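Residues in the sequence shown are numbered from 2 upward in steps of one, following this note's numbering.
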Amino acid sequence: MSSEKMGFNSKLIHAGDFEDELGSATTPIYQSSTFKFKSADHGAACFAGEEDGYIYTRIGNPTIGELENTVAALENGFGGIGTSSGMGAVTSVYMAYLGAGEHMVSHNALYGPSRAVMESLFSKFGVEYSYIDTTDLKQVKEAIRPNTKLLYIETPANPTIGITDIEAVSNIAHEFGIPVCVDNTFCSPYLQNPLDLGADIVLHSMTKFINGHADIVAGMLVAKTEEDHKLLRGVMANMGCNMDPHQAFMTRRGLKTLGIRIDRAQDNARKIADFLEKHPKVEWVKYPGLESHPQYELAKKQMRGPGSMISFGLKNGIEAGKVMMDNVKLALLAVSLGGIETLIQHPASMTHAKLTEEAKHIAGISDGLVRLSIGIEDVDDIMEDLDQALGKV
Ligand SMILES: *Cc1c(COP(=O)(O)O)cnc(C)c1O
């Protein structure tokens, strides 16, 4: 059966299309830095890209390749490029599309390090950027300049859960010939396929949902066209932010259960969001599955489900946030997301503590904002834990 015809969960298991000579049920770990050529001519053809063949693991490797093919099939793209981390993928995209005097449009609530690497490193080489509210299409149009070479968005955004209309912003960018990259980490390909909505590149921190077991850091890019795939592969390989075969094997193993993990976490999250919305200590809840979410309709249009990331606001700001963090017992007080375990964090005192008051305000991070990544535990246990921790606030 060709993988194009398979359902999503079948693709998770079979889409990598790897035939092992010995019939191994899983893709073996090709723990080799380099690969023998059959002859001088074969070596020359591999280097010229005329023949398929592995050369050197920084450029490509069969274990990594099977994972790349699988994620590319899940995202309906031409090809994938595995990276050492999500940030390896982010920096590869910036490197590939931006040069001195060129400009990127992105949004305020961007993942912290994606913003930091632009503001503190790429700016040193003369790259310019504008951070706007991409949920407002008027701002997107106004931010585009003659030297804009990349539109880079995350949706839902971290940790505000704001949703950008991928189709609408892609249409605007394409009018000006600008490529669009979507960080799809919060949804995973199970819930959202940005390439189908018009984006050109999809980015994942596979550390999160794709691997899902909090034991690997890894990233992936999927390009819609052969041309972009080739460009990104070259940049990644030359910068050396490649995956390693063991890391690829672990990630591939985690990926097989993506569908059942997300179904379960999402069921839990819907119940937790309802519970929080009714809780007297909670001022507001932001979850794409709640009708109170300002972009509830857009979420239903571009996502296949609301996912398992919830943000909510505590009434008494920073102090209340810290008290809650100190009192959770089942949820892990930790950053990251998308794993089998429930994680809780408080951006104002943790991930976003270094931002100025103004920057926090612009990014939509209030002092009482708490972010939850709901896991696959029994929902009653998660609820009981959150309830008792809220009781101490
Ligand atoms: C974690 C994360 C990244 C960075 O990924 P790493 O694997 O930690 O390097 C990028 N974008 C988003 C939305 C993330 O959550």
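Yeah, the Cβ is synthetic: ideal placement off N, Cα and C, and Gly gets one too.
Predicted model only: the values in this text are computed from it and were never measured.
Residue i to residue j span [Cα, whole Å]
i, j, result
"V286", "N269", "15 Å"
"L356", "G78", "36 Å"
"D18", "V324", "50 Å"
"T92", "S4", "31 Å"
"N243", "L204", "14 Å"
"K282", "H230", "49 Å"
"G61", "V118", "26 Å"
"A215", "E284", "30 Å"
"I375", "I341", "8 Å"
"G178", "Y130", "17 Å"
"D264", "K257", "13 Å"
"M96", "L391", "44 Å"
"I217", "M326", "25 Å"
"A219", "T71", "15 Å"
"Y57", "R234", "13 Å"
"V380", "R253", "27 Å"
"G44", "V94", "29 Å"
"L291", "P114", "29 Å"
"N10", "G102", "44 Å"
With 16 other Cβ atoms within 10 Å as the buried cut-off, status of residue i
i, result
"K316", "exposed"
"E76", "buried"
"P246", "buried"
"N148", "exposed"
"T27", "exposed"
"I202", "buried"
"D184", "buried"
"A23", "According to the sequence shown, residue 23 is Leu rather than Ala. With fewer than 16 Cβ atoms within 10 Å of its Cβ, L23 is classed as exposed."
"E176", "exposed"
"L89", "The sequence as given places Gly at residue 89; Leu does not occur at that position. G89 should be labelled buried."
"G100", "exposed"
"N239", "exposed"
"H353", "buried"
"K225", "buried"
"S34", "exposed"
"H373", "Sequence inspection shows Leu at residue 373; the His mentioned does not correspond to that position. Buried is the call here."
"A41", "exposed"
Option nearest residue i by Cα separation, candidates the options
i, options, result
"G66", "E143, E51, T84", "T84"
"P295", "D137, I173, R59, I345", "D137"
"L111", "D382, D381, I366, K393", "I366"
"D197", "P157, E143, V141, K302", "K302"
"K139", "N172, R116, N159, S124", "N172"
"V106", "H280, A390, V170", "V170"
"N159", "P348, G392, V223", "P348"
"G87", "S206, D379, E359", "S206"
"Q248", "H280, I211, A274", "I211"
"Y153", "S124, H104, L122", "H104"
"I319", "A300, V128, Q389, M351", "M351"
"V394", "M251, I383, G314", "G314"
"L344", "K361, H362, I377, D368", "I377"
"I363", "Y132, A274, R271, L151", "Y132"
"T64", "F48, G8, P29", "P29"
"G80", "L299, E292, V223", "V223"
"Q32", "F250, K125, E51", "F250"
Assumed close pair residue i, residue j - CB separation to whole angstroms, cut-off 8 Å
i, j, result
"L13", "L259", "6 Å"
"G163", "V181", "In fact, because the Cβ distance is near 17 Å, the residues do not count as touching under 8 Å."
"L370", "S312", "6 Å"
"K445", "G306", "Beyond the ends of the chain as shown, which are 2 and 394, falls residue 445; an answer cannot be given."
"Y297", "A274", "The Cβ separation is near 12 Å, so there is no contact."
Near ligand 2: residue i beta-carbon under 7 Å from a heavy atom
i, result
"P114", "Only ligand 1 can be found as ligands here, which leaves ligand 2 out of the picture."
In chain order, what are the residue ranges of uninterrupted beta strand (DSSP E) at least 3 long that sit wholly in the segment 116–202?
129–133, 149–155, 181–184
Just to confirm the assignment: which complete alpha helix (DSSP H) runs, minimum length 4, are found wholly within the segment 60–118?
If we require 4 residues or more, the alpha helix (DSSP H) runs fully inside the segment 60–118 come out as 63–75, 87–98.
Runs of alpha helix (DSSP H) lying entirely within the segment 15–44, each at least 4 residues, in chain order
none
What are the start and end residues of each continuous alpha helix (DSSP H) run of 4 or more residues lying completely inside the segment 308–366, in chain order?
318–328, 358–363
What alpha helix (DSSP H) runs, 4 residues minimum, are completely inside the segment 193–263?
227–240, 246–256
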